Amino acid sequence: MEQALERPTGWRDWRREWALPVIFVIFVVGEVFKSPISGNRIGAAGEILAFVGFFGGALLGAFSVVRHAEALAHRFGEPYGTLILTISAITIEVVVIATIMLHGANNPKIARDTMYSVVMIVLAGVVGFSLLSGGLRHREQGYNLQGASTFLSVLLPLSVLTLVWPNFTRATASGELSIGKAWFIMIGSVALYSIFLGVQTIRHRGYFTVPAEAEVHGGAEGMPPRAGWSFHAVMLVLCLLFVVLLAELFSLPLDIGLDQLELPAGLGAFAVAALILAPESVAAIRAARVNHMQRAVNLSLGTVLATISLTAPAVLAIDLFTHHPVLLGLDPANAALMVLTLGVSIVTFSSGRTNMLQGAVHLLLFVAYLVLIFSP
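Position 156 (the sequence shown) corresponds to 156 in the numbering used here; numbering is contiguous.
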């Protein structure tokens, strides 16, 4: 049936790729002015302008990536569709964080703060907006309880081991991991996520699709792609490449701008996480509004799980092989807020139904996260 919807790529398909020339121009301008930007020779206003330009270009690229990933999602169905979206977003995240670590200022906390920001933005902000907007329109919404429980059963231990545990180990300074513990986190995270993927895509696929008793119809989630899936696959890779190229430029004015404007360091991690999560967040909230809560749950929890499972091993590998130091342990206030958010998420996704009150609770935690950025 899906094959019948496909047709050869035409002029209308290429017209929808208007963002690519814009991103290319931003990239070329950035390369031309790369030296004065990195040398802080363009002043505070210039650094801010460069930051906005590169951020906007990378954001356009990220939205293009997810648009093509959504087209592939329509083609391959659930849970593969959501998995394609999640892996695309996490690829962007790993590349951006790695680029900032390798080419930006020596900030050992950037990976930790970005992973923490992803957890809080998604579990508190995106989940909150999804449940609140969906609850206002549809009162209660159903999802597969087994799938949500599976996500959280893996997410909870990996989050605590990665972002809280390092503060309580004694072999190294607080927040750091010894070489043995770093290898343990790297191997354990990848192994557990691989098992999870086997459960999600092969052994228990039904956990991540809406059960018959909870199935409701609230509108279309989006039009199916009219171009062939190979076109969307090629364009997805091309857009990812542009995001990678802009990530290095994006990292140049980030630390300089924060220092010159005397803004809190956590705001930089928030900006990186917001860039990474913007397309996924829009997709999840939009899915909840049209009464596809199962897709919203898969996107939200899947993004956070992939963030912890794949980003932590990537940054620890950078630490071990390039000697760029990494601090993973959160300070007590942020650690407590993250654990509280994980606990509330377990309660929220424990019944198979959602409502607007649960969304309001998650949004309260999101506001608390924003308050801690500006008032640690």
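Even for Gly, the Cβ is constructed at its ideal location relative to N, Cα and C.
In this text, all values refer to a predicted model and were calculated from it rather than measured experimentally.
Asked: Range of the contiguous alpha helix (DSSP H) that encloses Val377; Found: Residue coverage of the chain in this structure runs from 1 to 376, which leaves residue 377 outside it and unanswerable.
Asked: As assigned by DSSP and simplified to three states, the class of Thr354; Found: strand
Asked: Same chain, Cβ closer than 6 angstroms to Pro279, five either side skipped, listed in chain order; Found: Ala62, Phe63, Val66
Asked: Closer than 6 angstroms: Val122 CB and nearest the ligand ADP heavy atom; Found: For the structure depicted, the ligand ADP is absent and the ligand set is empty, with no information on it obtainable.
Asked: Whole-number beta carbon distance between Pro166 and Pro325, since they are thought to touch under 8 angstroms; Found: In fact, because the Cβ distance is near 12 angstroms, the residues do not count as touching under 8 angstroms.
Asked: Nearest-angstrom Cβ-Cβ length linking Ala58 and Phe208, presumed shorter than 8 angstroms; Found: With a Cβ gap of about 29 angstroms, Ala58 and Phe208 do not count as contacting.
Asked: Min CB distance Leu316 to chain C below 7 angstroms; Found: Reference to chain C is not applicable here, since this structure consists of a single protein chain.
Asked: Cutoff 6 angstroms; reference Leu131; Cβ partners in own chain excluding five residues on either side; Found: Thr354, Gln358, Gly359
Asked: As assigned by DSSP and simplified to three states, the class of Gly142; Found: strand
Asked: Inter-residue CB distance, Leu161 and Arg112 (contact presumed, cutoff 8 angstroms); Found: Actually they do not touch by this definition, with Cβ atoms about 13 angstroms apart.
Asked: Beta-carbon spacing of Ile308, Leu158 below 7 angstroms; Found: yes
Asked: Where the alpha helix (DSSP H) containing Asp113 begins and where it ends; Found: 110-120
Asked: Buried versus exposed, by CB contacts within 10 Å (16 or more), Arg41; Found: exposed
Asked: Unbroken stretches of the beta strand (DSSP E), 3 residues or longer, contained in the region 282-338; Found: none
Asked: Outcome for Glu31 when other beta-carbon atoms lying within 10 angstroms are tallied against a minimum of 16; Found: exposed
Asked: CB contact flag (Val122, Val367, <7 angstroms); Found: no
Asked: Nearest-angstrom Cα separation, counted from Leu155 out to Gly206; Found: 19 angstroms
Asked: Terminal residues of the alpha helix (DSSP H) in which Ala45 lies; Found: 43-76
Asked: Given 8 angstroms, three or more beta-carbon pairs between the region 314-325 and the region 89-103; Found: yes
Asked: Residue nearest to Ala269 in terms of C-alpha spacing, selected from Pro21, Ile97, Gly180; Found: Ile97
Asked: For Leu177 and Phe378, the rounded distance between their alpha carbons; Found: The question about residue 378 has no answer here: the residues shown for the chain are numbered 1 through 376.
Asked: Three-state secondary structure assigned by DSSP to Ala148; Found: helix
Asked: Distance between Gly329 and Met115 (C-alpha atoms, nearest Å); Found: 11 angstroms
Asked: Under the three-state DSSP convention, the category Ser107 falls into; Found: In the sequence as presented, Ser is not what sits at residue 107; that position holds Asn. Reduced to three states, the DSSP call for Asn107 is coil.
Asked: Burial state of Met223, where buried means 16 or more other Cβ atoms lie within 10 Å; Found: A caution first: Met223 carries a pLDDT of 47, below 50, which makes its placement in the model too unreliable to give a value.
Asked: Where the alpha helix (DSSP H) containing Ala19 begins and where it ends; Found: 19-32
Asked: CB of Leu372 within 7 angstroms of CB of Ala333, strictly; Found: yes
Asked: Cα-Cα separation, Tyr369 to Gly228; Found: 42 angstroms
Asked: Which listed residue (Ala44, Gly53, Leu49, Thr91) has its alpha carbon closest to that of Val25; Found: Gly53
Asked: Pair within 7 angstroms by beta-carbon distance, Met293 and Leu136; Found: no
Asked: Outcome for Glu262 when other beta-carbon atoms lying within 10 angstroms are tallied against a minimum of 16; Found: exposed
Asked: Closest residue to Pro377 among Leu238, Leu327, Lys34, Gly343 (Cα-Cα distance); Found: In the structure as shown, the chain starts at 1 and stops at 376, and residue 377 therefore has no counterpart that could be examined.
Asked: Buried/exposed call for Phe242, threshold 16 Cβ in 10 Å; Found: buried
Asked: Distance, Pro36 Cα to His362 Cα; Found: 43 angstroms
Asked: Buried/exposed call for Glu213, threshold 16 Cβ in 10 Å; Found: The predicted model places Glu213 with a pLDDT of 45, which falls under 50 and marks its position as unreliable, so this point remains unresolved.
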